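First up is the structure itself, then whatever we jot down about it.
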Amino acid sequence: MSPRKSLAESRLTRQRILDAGLVIASAEGLEGLTIGRLAAELGMSKAGVIGHFGTKEGLQLAVIDAATAMFVREVPERARGVARGLPYLRAACEAWISYLERELLPGGCFFTAAAAEFDGREGPVREAIAHADQLWQRELRLNIRRAVSLAELPPHTDIDQLLYEIVAIMLALNHFLQLHGDRRAPARARRALERLW
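Numbering (our numbering), first residue to last: 8 to 204.
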């Protein structure tokens with residue numbers, strides 16, 4: 008086997024592990040993600056799984072990276088090319104609703120579940136979850152500021168309050184979809200967002 012083929016196969020195996028890990032972690036939490044569980048799920052040895060990540064924490068951090076990449080692909084990337092400011096906020100929020108509505112992961116929003124699981128802890132896993140959340144909030148905040156500066160939103164808009172309300176609507180959407188199976192929740196989220204603009 009050539010080194011190039013071996014490297015390509017290793018990357019594919021790693022991606023298979025991450026894809027399965029993301030599904031498990033979304034529904035059962037990052038603590039429910041174990042090397043043994045993944046090995047059994049994928050028909051691999053524990054050593055074969057651990058060889059790609061080193062430790063359980065390494066696996067958890069890699070799954071957070073995979074979840075971040077999925078979110079970026081499904082939300083901000085779908086708003087790419089839309090004018091910054093209020094048009095971007097509308098497009099990004101619609102993409103965010105669509106991401107939750109399409110149930111790409113069995114546990115709904117990965118970061119909502121992971122934040123609840125790790126918000127009272129310390130360490131690299133919590134820091135990675137918080138960092139991903141901060142980056143997305145920064146993107147939203149920048150576009151709220153731009154919308155105010157372009158007079159797309161009123162000049163007295165409380166930027167932090169508006170950001171808080173956007174995030175709160177999305178958390179409520181995930182809650183009603185996941186806990187109650189409420190298929191009307193996306194429409195309610197859209198109506199709630201329209202009241203903010």
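Heads up, the beta-carbon is just placed ideally off N, CA and C, and yes, glycines get one too. Since the model is a prediction, treat every value here as computed from it, not as a measurement.
How would you label residue 135, buried or exposed, when you count the other beta carbons within 10 angstroms and need 16 or more for buried? buried
Looking at residue 159 and residue 93, is the spacing between their C-beta atoms short of 7 Å? yes
Would you say residue 107 and residue 100 are within 7 Å of each other, going by their C-beta atoms? no
Give the secondary structure of residue 182 by DSSP, where H, G and I count as helix, E and B as strand, and everything else as coil. helix
Could you check which residue in 186, 180, 132 has the C-alpha nearest to that of residue 67? 132
Other residues of its chain near residue 196: CB distance less than 6 Å, five sequence neighbours each side excluded: 104, 176, 180
Which listed residue (150, 144, 55, 97) has its alpha carbon closest to that of residue 16: 55
Can residue 53 and residue 47 be called in contact, C-beta distance under 7 Å? no
With a Cβ-Cβ cutoff of 7 Å, do residue 153 and residue 91 count as a contact? yes
For residue 30, I'd like the list of residues in its chain whose CB is within less than 7 Å of its CB, leaving aside the five on either flank, ordered along the chain. 112, 113
If you count every other CB in all the chains shown that lies within 10 Å of the CB of residue 123, and 16 or more means buried, which is it? exposed
Could you name each continuous alpha helix (DSSP H) segment of 4 residues or more that falls completely within the region 50-94, going from the start of the chain to the end? 53-60, 63-81
Look at residue 78 and residue 69 and say whether their C-beta atoms are less than 7 Å apart. no
If I follow the unbroken alpha helix (DSSP H) through residue 143, where does it start and stop? 131-156
Is the CB-CB distance between residue 288 and residue 148 below 7 Å? For the chain, the structure presents residues 8 to 204; residue 288 sits outside this window and is missing.
Are residue 42 and residue 24 touching if we call contact CB-CB under 7 Å? no
For residue 1, does the count of other Cβ atoms within 10 angstroms reach 16, so buried, or fall short, so exposed? Only positions 8 to 204 of the chain appear in the structure, and residue 1 is not among them; the question remains open.
Check whether the Cβ atoms of residue 98 and residue 82 sit closer than 7 Å, and answer yes or no. no
Taking the beta carbon of residue 186 as the centre, do at least 16 other beta carbons fall within 10 Å, making it buried, or is it exposed? exposed
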